[in-house]
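In what follows, a single structure is set out as structure tokens and then discussed.
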Amino acid sequence: MASKSVFEKIVDRELPATILYEDEDILAFIPLRKQAPVHILIIPKKRIVSVNEIDDEDALLIGKMFLVARDLAKEHKIDSTGYRLTLNTNEDAGQSVFHLHLHLFGGKKTGPMTTQDYIDPRVKN
224 MASKSVFEKI VDRELPATIL YEDEDILAFI PLRKQAPVHI LIIPKKRIVS
274 VNEIDDEDAL LIGKMFLVAR DLAKEHKIDS TGYRLTLNTN EDAGQSVFHL
324 HLHLFGGKKT GPMTTQDYID PRVKN
């Protein structure tokens with residue numbers, strides 16, 4: 224078995240974290256490198272490296288992550304103003320911890336996700 228990820232160490236209480244939600248399947252906490260006024264990481268306790276490793280039997284678990292995100296957005300009063308959910312897969316997409324995690328960003332207007340250099344020139348602004 225590969226060594227534990229930093230998130231697994233948080234789940235096992237080997238590293239400290241500000242935990243906002245926990246049940247038997249999911250843990251949600253504030254990352255040390257916050258990127259928005261509200262920035263919460265939502266992870267499965269089960270070791271899943273990335274979206275590429277999700278099994279069919281994980282469907283309910285993954286759905287539960289999104290329900291937790293919805294509830295935390297409401298709890299942090301960003302449900303009506305807007306928030307962004309991001310799930311990065313592998314290095315080119317920005318995944319730096321190889322344990323599946325959903326970012327919940329909010330509390331301010333977010334910028335574009337990617338460059339607009341690849342928009343079809345037929346599209347009018």
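Numbering (this note's numbering), first residue to last: 224 to 348.
C-beta: ideal position from N, C-alpha, C; glycine also.
#1: Which one of G330, I249, M288 has the shortest CA to CA distance from I301?
#2: Do L310 and I266 have their beta-carbon atoms positioned less than 8 angstroms apart in this structure?
#3: Using only CA atoms, which one of Y244, E237, R236, A225 lies nearest to E298?
#4: Which value, in whole angstroms, describes the spacing of the CA atoms of A282 and E276?
#5: Would you identify the three-state DSSP class for F321, choosing helix, strand or coil?
#6: Along the alpha helix (DSSP H) that carries I263, what are the first and last residues, could you check?
#7: Between which two residues does the beta strand (DSSP E) containing E298 stretch?
#8: Rounded to the nearest angstrom, how far is the Cβ of A240 from that of I233, given a contact under 8 angstroms?
#9: Looking only at C-alpha atoms, which of D340, K332, V346 sits nearest to A259?
#10: Starting from E247, trace the alpha helix (DSSP H) in both directions and tell me its first and last residue.
#11: Taking the beta carbon of A225 as the centre, do at least 16 other beta carbons fall within 10 Å, making it buried, or is it exposed?
#12: Quick check on DSSP: helix, strand or coil for I253?
In this structure, then:
#1: Position 78 of the sequence shown, counting from 1, holds the residue named residue 301. Closest in C-alpha terms to I301, from the list G330, I249, M288, comes G330.
#2: Indexing the sequence shown from 1 puts residue 266 at position 43. Indexing the sequence shown from 1 puts residue 310 at position 87. No, Cβ-Cβ distance for I266 and L310 is not below 8 angstroms.
#3: Residue 298 sits at position 75 when you count from the first residue of the sequence shown. When only C-alpha atoms are compared, the closest one is Y244.
#4: Within the sequence shown, residue 282 is the residue found at index 59, counting from 1. Within the sequence shown, residue 276 is the residue found at index 53, counting from 1. In a straight line, the C-alpha of A282 is about 12 angstroms away from that of E276.
#5: Numbered from 1 along the sequence shown, position 98 holds the residue referred to as residue 321. It is coil, neither helix nor strand.
#6: Translated into positions along the sequence shown, residue 263 becomes position 40. Taken as a continuous stretch (DSSP letters only), I263 belongs to no alpha helix (DSSP H), being part of the beta strand (DSSP E) at 261-267.
#7: As a working mapping, residue 298 is identified with position 75 in the sequence shown. Element bounds for E298: not the beta strand (DSSP E) but the alpha helix (DSSP H), 282-298.
#8: Taking the first residue of the sequence shown as position 1, residue 240 is located at position 17. Taking the first residue of the sequence shown as position 1, residue 233 is located at position 10. A240 to I233, Cβ: 5 angstroms. Contact.
#9: Numbered from its first residue, the sequence shown carries residue 259 at position 36. Residue K332 holds the alpha-carbon nearest to the alpha-carbon of A259 among D340, K332, V346.
#10: Taking the first residue of the sequence shown as position 1, residue 247 is located at position 24. Per DSSP, E247 belongs to no alpha helix (DSSP H) and is neither H nor E.
#11: Looking up residue 225 in the sequence shown gives position 2. Under this definition A225 is an exposed residue.
#12: Start at 1 with the first residue of the sequence shown, and residue 253 comes out as number 30. Looking at I253 - three-state DSSP - the assignment turns out to be strand.
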